[in-house]
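Colleague: Respectively, the protein sequence lines represent chains E and S.
Numbered by my numbering, the letters in the first sequence go through residues 9 to 211 in order.
Numbered by my numbering, the letters in the second sequence go through residues 160 to 299 in order.
Even glycine gets a Cβ: it sits at the ideal position worked out from N, Cα and C.
Just dropping this structure here.
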Amino acid sequence: MQDATCSMPLGADPLAPEAAGIDAALMERTKGGDRQAFGELVNRHRDGLVNYLSRISGDRELAQDLAQESFVKLFQSAGHYKEKGLLRAYLYRIATNCFRSHQRRARRASWVPFATRDHDGSSPGTPQERLLQSEALRHLDAALAELPARFRAPLVLHAIEGWPLAQIAYALSCPKGTVKSRIGRARRDLRRKLSDLLPRGVL
Amino acid sequence: MSKNKLDIWLASCPRDRAGAGFTRQVMERITRSDANRRSGVSTWTRLALATTVAAVALLAFGLWQAGRQRQTARDELLLEELRAEHAAITHELKELKSDPSQLPVVYLGGTERVNLVLDLERLQRGRAQTVALPATPSMN
Numbered sequence: 009m010q011d012a013t014c015s016m017p018l019g020a021d022p023l024a025p026e027a028a029g030i031d032a033a034l035m036e037r038t039k040g041g042d043r044q045a046f047g048e049l050v051n052r053h054r055d056g057l058v059n060y061l062s063r064i065s066g067d068r069e070l071a072q073d074l075a076q077e078s079f080v081k082l083f084q085s086a087g088h089y090k091e092k093g094l095l096r097a098y099l100y101r102i103a104t105n106c107f108r109s110h111q112r113r114a115r116r117a118s119w120v121p122f123a124t125r126d127h128d129g130s131s132p133g134t135p136q137e138r139l140l141q142s143e144a145l146r147h148l149d150a151a152l153a154e155l156p157a158r159f160r161a162p163l164v165l166h167a168i169e170g171w172p173l174a175q176i177a178y179a180l181s182c183p184k185g186t187v188k189s190r191i192g193r194a195r196r197d198l199r200r201k202l203s204d205l206l207p208r209g210v211l
Numbered sequence: 160m161s162k163n164k165l166d167i168w169l170a171s172c173p174r175d176r177a178g179a180g181f182t183r184q185v186m187e188r189i190t191r192s193d194a195n196r197r198s199g200v201s202t203w204t205r206l207a208l209a210t211t212v213a214a215v216a217l218l219a220f221g222l223w224q225a226g227r228q229r230q231t232a233r234d235e236l237l238l239e240e241l242r243a244e245h246a247a248i249t250h251e252l253k254e255l256k257s258d259p260s261q262l263p264v265v266y267l268g269g270t271e272r273v274n275l276v277l278d279l280e281r282l283q284r285g286r287a288q289t290v291a292l293p294a295t296p297s298m299n
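Right, dumping it as structure tokens:
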């Protein structure tokens, strides 16, 4: 079982078309009590899940904790899981519910701005362009932070994680139409906020 | 700002990643959770056992209490009968003492052929007599 932060076991991208088949096989082995298979599942989805939870909670430490809790719940419910090729969405549904439970307990979530997040510094362009991009990201982060979680979550999954609408709808337990309208509303609000904040022509 | 530009910016946002040892921590939490579940089952078993013992004890106490109540009721009934009998005898004695004209005839003894009686009324009148009567059919 690999456990390096940037590892991607089995060499498979969880977003790739064949990923659902690999997930299904690993889940089947997990049902049979194979913990190593479950470890591989964790390795496949941990980064995406942590990023999603970090985005919607605004708290990186909390995101790590909620992601671990979500995987534990996935393992415990493995016996009840029915294969429909939606394991990833099922996992994110568990994670979303964990986050909602946490929100109910904590009442409010803090937000860690991008400025304090690790950045790999791999942005292309001149130092001036990178500075502008960094500034834009800071504003984008601030604008995202102001979105209610119910609008932020579908936008993150769609625009940042690149998920199809059907899977987002399953993960968030709401109809596809609702997902579409929430993403539209989130985009509109972001555009409005960023238009006010950034100089013309930057975006 | 165009919609596409926004999507490009969103897609280029820096991504958070799972921390070092994430998978190991998940597996440890699963192991701990399993242990807690096992301990939870044993707790439930203990709880069920304790509940059963308490229920049996309560049932036994209830049965004992019910038996005791039945015995008390029987004793009270017997006592009531004794009191009634005592009251009747007392009443009879009182009547005897209060009406001298109704002095009884006291049976002293007898055989199958003869009953020996003492007529107290005659005795009071100074004519005490001891009369021997045939055992049957009458004793006057």
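Cα separation between residue 28/E and residue 44/E?
Modeller: Roughly 18 Å between the two C-alpha positions.
Colleague: Alpha carbons only, please: which of 194/E, 101/E, 173/E is nearest the one belonging to residue 231/E?
Modeller: Residue 231/E is absent from the model: chain E starts at 9 and stops at 211.
Colleague: Flag residue 59/E as yes if its beta-carbon sits less than 8 Å from any beta-carbon of chain S, otherwise no.
Modeller: Closer than 8 Å to some Cβ of chain S, the Cβ of residue 59/E qualifies, so yes.
Colleague: So what's residue 175/S in DSSP terms, helix, strand or just coil?
Modeller: Coil at residue 175/S, not helix or strand.
Colleague: Can you grab the Cα-Cα spacing for the pair residue 38/E / residue 86/E, in whole Å?
Modeller: So the two alpha carbons sit approximately 7 Å from each other.
Colleague: For a contact defined as C-beta to C-beta under 8 Å, what are the partners of residue 168/S on chain E?
Modeller: Simply 144, 145, 148, 211.
Colleague: Taking 8 Å as the threshold (C-beta atoms), are residue 76/E and residue 184/S in contact?
Modeller: Taking 8 Å as the Cβ cut-off, residue 184/S and residue 76/E qualify as a contacting pair.
Colleague: Determine, using beta carbons only, whether residue 79/E comes closer than 8 Å to chain S.
Modeller: Yes, because at least one Cβ of chain S sits closer than 8 Å to the Cβ of residue 79/E.
Colleague: How far does the alpha helix (DSSP H) with residue 5/E in it reach, from first residue to last?
Modeller: Outside the displayed range of chain E (9 to 211) lies residue 5/E, so it cannot be described from this structure.
Colleague: Going by DSSP in three states, residue 168/S sits in which element: helix, strand or coil?
Modeller: Residue 168/S falls in the helix class under three-state DSSP.
Colleague: Please classify residue 251/S: is it buried, with 16 or more other beta-carbons within 10 angstroms of its beta-carbon, or exposed?
Modeller: The residue is exposed, with fewer than 16 neighbouring Cβ atoms inside 10 Å.
Colleague: Run the CB neighbour count on residue 167/S, radius 10 Å, all protein chains shown included, and call it buried at 16 or more, exposed below.
Modeller: It counts as exposed.
Colleague: Do you know how far the Cα of residue 197/S is from the Cα of residue 191/S?
Modeller: Going from the Cα of residue 191/S to the Cα of residue 197/S covers about 10 Å.
Colleague: In whole angstroms, what is the alpha-carbon distance linking residue 98/E and residue 220/S?
Modeller: Whole-angstrom Cα-Cα distance: 54 Å.
Colleague: Kindly identify the DSSP beta-bridge partner or partners of residue 268/S.
Modeller: Paired residues: 275/S.
Colleague: Can you tell which of 110/E, 176/E, 150/E has the C-alpha that lies nearest to the C-alpha of residue 203/E?
Modeller: That would be 150/E, whose Cα lies nearest to the Cα of residue 203/E.
Colleague: Determine the burial state of residue 195/E: buried for a count of at least 16 other Cβ atoms within 10 Å of its Cβ, exposed for fewer.
Modeller: Result: buried.
Colleague: If you drop the 5 nearest sequence neighbours on each side, which residues of the same chain put their C-beta closer than 6 Å to that of residue 88/E?
Modeller: Hits under 6 Å: none found.
Colleague: Assuming residue 33/E contacts residue 104/E (C-beta within less than 8 Å), just tell me the rounded distance between them.
Modeller: Incorrect: roughly 25 Å between the Cβ atoms, too far for contact.
Colleague: Please look up how many angstroms separate the CB atoms of residue 276/S and residue 267/S, rounded, as I've assumed it's under 8 Å.
Modeller: 6 Å between Cβ atoms; contact.
Colleague: Compute the minimum distance between the beta carbon of residue 49/E and the heavy atoms of the ligand NAP, and state whether it is under 7 Å.
Modeller: By its list of ligands, the structure shown contains no ligand whatsoever, and the ligand NAP lies outside what it can speak to.
Colleague: Could you tell me the distance, in whole angstroms, from the CA atom of residue 204/S to the CA atom of residue 63/E?
Modeller: Their Cα atoms are separated by approximately 43 Å.
Colleague: Could you check the C-alpha separation between residue 297/S and residue 226/S for me, to the nearest Å?
Modeller: Confidence at residue 297/S is low in this model, with a pLDDT of 49, below 50, so the placement of that residue should be treated as unreliable; the coordinate-derived value is given next. The straight-line gap from Cα to Cα measures roughly 51 Å.
Colleague: Looking only at C-alpha atoms, which of 193/E, 152/E, 68/E, 55/E sits nearest to residue 130/S?
Modeller: Shown here, chain S extends from 160 to 299; a query on residue 130/S therefore has no answer.
Colleague: Between which two residues does the alpha helix (DSSP H) harbouring residue 284/S extend?
Modeller: That residue, residue 284/S, is in no alpha helix (DSSP H); it is neither H nor E in DSSP.
Colleague: Measuring straight from C-alpha to C-alpha, what distance separates residue 256/S and residue 249/S?
Modeller: Distance between the alpha carbons of residue 256/S and residue 249/S: 11 Å.
Colleague: According to DSSP, is residue 196/E helix, strand or coil?
Modeller: In this structure, residue 196/E counts as helix in the three-state DSSP scheme.
Colleague: Give, in chain order, every residue of the segment 226–239 of chain S whose Cβ lies closer than 7 Å to some Cβ of chain E.
Modeller: Per Cβ criterion, the list is empty.
Colleague: Rounded to whole angstroms, how far is the Cβ of residue 113/E from the Cβ of residue 175/S, which I believe are closer than 8 Å?
Modeller: Their Cβ separation, rounded to whole angstroms, is 22 Å, which puts residue 113/E and residue 175/S out of contact at 8 Å.
Colleague: Alpha carbon to alpha carbon, how far is residue 177/E from residue 200/E?
Modeller: Taking the straight line joining both Cα atoms gives about 25 Å.
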